Every structure is written in C-alpha cells, then in structure tokens.
Amino acid sequence: MLPRQHVARPESVTQAEAARILGKSKPTIGRLVKAGTFRLNALGNIPMTQIDSAIAESRR
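Numbering that gives the first Met the number 0 puts the first residue of the sequence shown at 0, with every later residue one more than the last.
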C-alpha cells in the first residue's frame, strides 16, 4: 500500500473550480462575481475563505 500524499489546500481557486466545489455553473459564479458576492484577488481567482463562507451560509 502506498503512503497517503498530503495535498495542499489552495489559497484561491479559479471560477471554474469554484463552480465545481459549490455545485454551480460557471455562468452562475460569473454572475456572483459581477454582483459582488465573490471578489477576485490579484490573480483573478476567488479566495478559498469566500468559498468556505458560501458553503457555511448554504448550510444555515
């Protein structure tokens, strides 16, 4: 059996990755960015802290 490899958690993700994580479409994520729900960082990605907040909010 091979040892488990630790995969580092990214600090931010692309809009496509955010869509996959949140179970939404890319156009929906784009609309949320345009509406200001998600703010892009300097690289044009969505910080994972915002993804985590969206997940927590959806569970309430």
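Backbone N, C-alpha and C define an ideal beta-carbon position, used for all residues, glycine too.
Keep in mind it's a predicted model, so treat the numbers as computed, not measured.
Annotation: Leu21 to Ile50 spans about 8 Å, alpha carbon to alpha carbon. Taking the Cα positions, Thr48 is about 19 Å away from Lys25.
For Pro2, DSSP assigns no beta-bridge partner whatsoever. Beta-bridge partners assigned by DSSP to Val32: none are found.
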